[in-house]
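Everything on this sheet refers to the single structure shown next.
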Amino acid sequence: MTTSDSAQPKPVGRIGAALTRLFTRSATVCESRALDERFRLVTLSGESLRGVRWAPGQKVQVSVGGWVYRTFTPLCWDPVQGATQLLLFLHGEAPAAAWGRALKVGDSCTLFGPRDSLDLNTLDRPALLFGDETSFALAHALRFTPRGVESVRIVLEVTSRQVAVSVLGQLGIANAELIERRPGDSHLDDIEKVAVEQLQARSLETCALSGKASSIQRLNKRLRALGLSSRQIRTRAYWAPGKVGLD
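If you're matching positions, the sequence shown starts at 74 in this note's numbering and goes up one per residue.
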């Protein structure tokens, strides 16, 4: 999910409404639970969610008002019951954050997808999964791959370790290494050391890098310098300060 956005919702006209019904899915909020002040776990259900082929790491775009859509990584998807779960990271007063805070049981949602984003099913092991608060859902989705979390080292940069431990614990994620952000992004030095250790131990085949664009760029550059090929490194930027529309 993008955490820095400022676009305001625009009204949907009659033609727009017809196109929305044709290309999107409708769902209803059956649970909206706060895991922390900034994190909300939302369960969506609906007939249009049944029989859907979902792969861990895929994305959905959800309407947060009018033509404004924001991207989320489903934590899971039940094609039999027709249900999926999203983790909302509420940041600032942007449209997506305002929508998430106001969301309540019984509300209707319009979503597009699921679509390809970062394929976790084909992540060769041993692997490194890097991200931040916007990647918590990706870490959760990992358990639905054929090999689950086996031989995957999860490293996340976070603003508050205490908050992250609480939220991840409620999601059942206990194996993530959490590194708090420091001024000047000096904490990324610690994350680079993790990658170096894995490579030196010959326990790194692929990397999945997600979250903040600049952090991904830096770590990607370091991994390439250490000898990993572009085929071994998969990247997906979820956000960048001052930008909207990222995956």
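Just so it is clear, CB atoms sit at the ideal spot from N, CA and C, and this is done for glycine as well.
From a predicted model like this one, the values you see are computed outputs, not experimental measurements.
Residues bridged to residue i (per DSSP)
i    : result
E110 : BP columns for E110 are empty, so no partner.
K132 : R188
G242 : Answer is none; G242 lacks a bridge partner.
F162 : F112
E104 : T116
A156 : S118 and D151
A249 : I227
T218 : In DSSP, T218 forms no bridge with anything.
R21  : Given a span of 74 to 320 for the chain in the structure shown, any question on residue 21 remains unanswerable.
8 Å Cβ cutoff met for residue i and residue j
i    : j    : result
Y311 : T195 : no
A100 : L184 : yes
L292 : I264 : yes
F209 : L160 : yes
G204 : L211 : yes
S118 : R98  : no
V231 : R254 : yes
S276 : A313 : no
R198 : R174 : no
V137 : A169 : yes
Q158 : V115 : yes
V228 : L272 : no
V240 : F112 : yes
V125 : C182 : no
V236 : D109 : yes
W140 : P187 : no
Residue i, enclosing alpha helix (DSSP H) - first and last residue
i    : result
A200 : Element bounds for A200: not the alpha helix (DSSP H) but the beta strand (DSSP E), A200 to G204.
W357 : Residue 357 is absent from the model: the chain starts at 74 and stops at 320.
R174 : P168 to A175
Extent of the continuous beta strand (DSSP E) run through residue i
i    : result
F209 : No beta strand (DSSP E) contains F209, which is instead part of the alpha helix (DSSP H) from F209 to A214.
W150 : C149 to D151
V231 : V225 to V231
At a cut of 8 Å, does the segment 119-132 reach the segment 142-160 through at least three beta carbon pairs? Judged by Cβ distances under 8 Å, the segment 119-132 makes contact with the segment 142-160, as three or more pairs qualify.
Starting from the N-terminal side, write out each stretch of the beta strand (DSSP E) that is 3 residues or longer and does not extend beyond the segment 251-318. With a minimum length of 3 residues, the continuous beta strand (DSSP E) runs that stay inside the segment 251-318 are 279-285 and 306-312.
Is the number of C-beta pairs between the segment 299-314 and the segment 282-289 that are closer than 8 Å three or more? Result yes; three or more Cβ-Cβ pairs closer than 8 Å.
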